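Peer 1: First residue of the sequence shown: 397, per my numbering; consecutive thereafter. Have a look at this one before I ask anything.
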Amino acid sequence: MRVVVDASVVIDGLINVSSRGEKCRNMLNSSDVFVPGLIFSEVSNVLRRYELTGTPDVDGLFAQLLDMPWETIAFEHYARLVWPLRHDVSLYDAAYVALAMVLKVPLVTLDRKLAAAAKPYCELLIPGE
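So, in structure tokens, the structure goes:
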């Protein structure tokens, strides 16, 4: 399955040991995953916060992030769709929605607010549902 994943799915897949985390890992490893380039900054920033709170092996999690077999799509391929979405979601979230729209694939997210706002624009998948 071809999908766009957002940072919430990646963080859960890297850190969460629950069944939901396992579902995120399965999605990340068994799908053709497409991401906007900003995902690396977003996830890295969250990993930094985890490190500051004492989460062990954050360096290993960062290495896993960089080794993910995703296809990173450059901003110019979906940029024209990002700006019009600014009234519904942050421009960061709009990048994920716009990329899903351009590729005509589902957006995978754990962010309920993003899912609600994106529903008119693209198909959604929420791991565990």
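Don't be surprised by glycine CBs; every beta carbon is placed ideally from N, CA and C. In this text, all values refer to a predicted model and were calculated from it rather than measured experimentally.
Could you tell me the distance, in whole angstroms, from the CA atom of valine 454 to the CA atom of aspartate 408?
Peer 2: Here the alpha carbons of aspartate 408 and valine 454 stand approximately 14 Å from one another.
Peer 1: CA-CA distance, leucine 495 and phenylalanine 430?
Peer 2: If I take the Cα positions, the gap works out to 8 Å.
Peer 1: Measuring CB to CB, does valine 498 end up less than 8 Å from tyrosine 517?
Peer 2: no
Peer 1: Skipping 5 residues on each side, what residues in its chain have a beta carbon closer than 7 Å to that of threonine 468?
Peer 2: Val431, Gly433
Peer 1: Please return the same chain residues whose Cβ sits closer than 7 Å to the Cβ of alanine 511, not counting the five positions on each side in sequence.
Peer 2: Thr505, Leu520, Ile522
Peer 1: Do you know offhand how far arginine 445's Cα is from histidine 483's?
Peer 2: 28 Å
Peer 1: Taking only runs of the beta strand (DSSP E) that begin and end inside the region 436-504, which ones reach a length of at least 3 residues, in chain order?
Peer 2: 467-469
Peer 1: By alpha-carbon positions, which one of Val501, Ala490, Ile411, Arg508 ends up nearest to serine 440?
Peer 2: Ile411
Peer 1: Could you tell me whether the Cβ atoms of phenylalanine 436 and leucine 461 are closer together than 8 Å?
Peer 2: yes
Peer 1: Taking just the CA atoms, how far does glycine 450 sit from glutamate 525?
Peer 2: Cα to Cα, glutamate 525 sits roughly 31 Å from glycine 450.
Peer 1: Assuming valine 485 contacts alanine 514 (C-beta within less than 8 Å), just tell me the rounded distance between them.
Peer 2: 7 Å
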